[in-house]
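Report on the following structure.
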Amino acid sequence: MDWSIQETARMTGTTSRTLRHYDAIGLLPPTYIADNGYRYYDESGLVRLQRILLLKELGMSLARIAEVLESTEDPIAALSDHVHSLGRERARIDRQIVSVTATIARLEAGEPLMAEEMFDGFDHRVHKEEVTRRWGREAYETSAGWWESLSPDDRQSWKADVERLSQDWMKAAEAGAGPESDRCQDLARRHVQWLSATPGTPAHDPGGDLDGYVRGLADMYVSDPRFGANYGGVAGAELVRDSLNLYLDA
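In this note's numbering, each residue carries its 1-based index in the sequence shown increased by 1.
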């Protein structure tokens, strides 16, 4: 079965104009164009459009989305990764809904608030199991203790620095900067400094394996969509990885 551009726009919540733009830039060409000039999309076209919309929600530019789509030959594997990521996000949001609903109920009933209950789903400790598995319990406890010791302003400042670094990496990727460029090597230096300043990581430990830790993280940015999303997707993550490896080699 094929769907017209109007039907496709209606089903997906986009517009015909958007779909025509995707065609113009080569992101989503129609399956065929009828004699009356109408564009039609088959099932593979809808699958591609679904992936485009999912990646847009991650904040990727259309240029990055095109690179991601072309780098993944198996749409089933790619969509499976999306499902896992969405499932994790849904679980986190579900916990937040329960947490906020419980707060509302206690306020309405005039009952005392439960601080731990209030912030379930907002806590960085949701990554406890993964951090412990990858780098050990001591690494998690050191990092968690450091985070808990920060003031709200310090936490916000730290998050802002991380976001600024991620944005600078994405801008470098969008500008076509190469790993060996001064721009990317300066970003790599900042990246290693950031990792080294975070207690609980091998990069922070004077006797830790900074080289192995950073290279391992760099590979994970590319292989794990959760990390790659911080740098605009696969292409951005590959730029970070290659830049970090060159920086360490030097």
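Every residue, glycine too, gets a C-beta built ideally from N, C-alpha and C. In this text, all values refer to a predicted model and were calculated from it rather than measured experimentally.
- For the segment 149-181, the continuous alpha helix (DSSP H) assignments of 4+ residues that do not extend past its boundaries occur at 153-175, in sequence order.
- DSSP lists Trp4 as the bridge partner or partners of Tyr42.
- Runs of the alpha helix (DSSP H) spanning 4 or more residues and lying entirely within the segment 61-113 occur at 63-72 and 76-110, in chain order.
- About 15 Å separates the CB atoms of Leu20 and Ala67; that is not less than 8 Å, and the two are not in contact.
- In the structure shown, Ile53 adopts helical secondary structure according to DSSP, grouped into three states.
- With contacts defined as CB atoms closer than 8 Å, Ala79 and Arg49 fail to qualify as a contacting pair.
- The C-beta distance from Tyr42 to Ala35 rounds to 12 Å, too long to meet the 8 Å contact threshold.
- Contact check between the segment 169-187 and the segment 235-246: three or more CB pairs, one atom from each, fall below 8 Å, which counts as touching.
- Between Ile26 and Ser17, the gap from beta carbon to beta carbon reaches 8 Å or more.
- Here the alpha carbons of Leu54 and Gly14 stand approximately 10 Å from one another.
- For Asp183, the enclosing alpha helix (DSSP H) covers residues Asp183 to Ser197.
- Our two residues, Glu112 and Thr199, have alpha carbons roughly 39 Å apart in a direct line.
- A buried status is given to Gly229, since no fewer than 16 other beta-carbon atoms sit within 10 Å of its beta-carbon.
- Around the beta carbon of Met61, a 10 Å sphere encloses 16 or more other beta carbons of the protein chains shown; the residue is thus reported as buried.
- Distance from the CA of Ser158 to the CA of Arg165, rounded to the nearest whole angstrom, comes to 10 Å.
- Here Ser244 really is in contact with Leu188; their C-beta atoms are around 6 Å apart, less than 8 Å.
- Counting only the Cα atoms, Glu149 lies some 30 Å from Glu109.
- Looking at the DSSP output, Tyr33 bridges to Tyr41.
- Around Val223, the same chain offers Gly229, Val235, Ala238, Glu239 and Arg242 as residues with beta carbons nearer than 7 Å, after the five sequence neighbours per side are excluded.
- Distance from the Cα of Arg191 is smallest, within the candidate group Asp169, Ser81 and Trp4, for Asp169.
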